[in-house]
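Numbering (this note's numbering), first residue to last: 135 to 329.
Backbone N, C-alpha and C define an ideal beta-carbon position, used for all residues, glycine too.
Below is one structure; the comments refer to it alone.
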Amino acid sequence: MSSKGRRSPRDSALAALQRLSRERPHINDLWAIVVDAEEKLANDFAFVLVLAAAVEQALELAISSHFVLDEEAAERMFDDQSNGSLGTFAAKIKMGFALGIYEKHVRDELDMIRVIRNVFAHHKGAISFESDGIKDGCNTLFIPNKWRLVHQDTPQTAEERFYNSVRMLYVYLEDPLPPQPKKFETHPFYSALRK
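Here you go:
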């Protein structure tokens, strides 16, 4: 047990790891990770986890653009270490939909990305884009059927569909149009009172 006021090496390491887990790369660095994922990530497991994390971080950005909180309070909302109300990908997806950042079909797309990520993270055996459940999930993604890069054919494989959906979702989420907070002074009722 550590003495009062002094941290054990373990406690210091845990605190440092928690701070590190809350750090977010600059949005341009995150986009570079997304773009380079196909070439640099050696296996399906790393590919899915890294890309899903990038989309989740872009979603955090989109949600926090609606906040009137200071940066520290916003960070606490997303902190999964201290049970922040938006500490999970599922909670962020629900909040983004509730805020009107996207429509139901985009919510469902994000949720499928989340579920695929969870399967890769928690499956006890070998899993890949060739696994039946993963292929089936990727085949339900609608974005690859609607949007793709100019020089790209319609994505066919599960990996191509997942990658295309993640890239388009990332671009959509990382630059949301923030709503303007409603101001009391501009409400028609307030204006009527001043006359």
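Starting from the Cα of ILE247, find the closest Cα among ALA166, PHE223, GLY218 and give me that residue. PHE223
Express the C-alpha separation of ALA225 and SER219 in angstroms, rounding to a whole number. 7 Å
LYS226 by DSSP, collapsed to three states: which one? helix
CB-CB length for PHE254 against VAL202, believed under 8 Å: Incorrect: roughly 36 Å between the Cβ atoms, too far for contact.
CA nearest to the CA of ASP163, picked from ARG140, ALA147, ILE227, ALA192: ALA192
Element boundaries [alpha helix (DSSP H), containing LEU183]: 178-198
For ARG251, I'd like the list of residues in its chain whose CB is within less than 6 Å of its CB, leaving aside the five on either flank, ordered along the chain. VAL182, ALA186
Close beta carbons around ALA147, own chain, < 7 Å, minus the five adjacent residues each side: none
Rounded separation between ALA171 and GLY139 - CA only: 44 Å
By the 10 Å Cβ neighbour count, where 16 or more other Cβ atoms means buried, how is MET135 classified, buried or exposed? Here the model assigns MET135 a pLDDT of 48, short of 50, so the residue's position is not dependable and the matter cannot be decided.
What runs of the alpha helix (DSSP H), each 4 residues or longer, lie entirely inside the segment 227-291? 238-256, 266-273, 277-280
Which class does LEU220 belong to by DSSP, given the choice of helix, strand or coil? coil
Between the CA atoms of VAL189 and LEU303 - distance to the nearest angstrom: 7 Å
Does the beta-carbon distance from VAL300 to VAL168 come in below 8 Å? yes
Mind reading off the beta-carbon distance from LEU233 to ILE197? Whole number of angstroms is fine, and I expect it under 8 Å. 7 Å
At what residues does the alpha helix (DSSP H) containing ARG210 begin and finish? 205-212
Between which two residues does the alpha helix (DSSP H) carrying LEU164 extend? 161-174
Anyone know if the C-beta pair for GLU243 and LEU275 falls short of 8 Å? yes
Candidates ASP178, MET229, SER142, of which the one nearest SER264 by Cα: Residue 264 is actually Glu in this sequence, not Ser. Cα-wise, what sits closest to GLU264 is ASP178.
Pull up the distance between the alpha-carbon of LEU307 and that of ARG144, whole angstroms please. 37 Å
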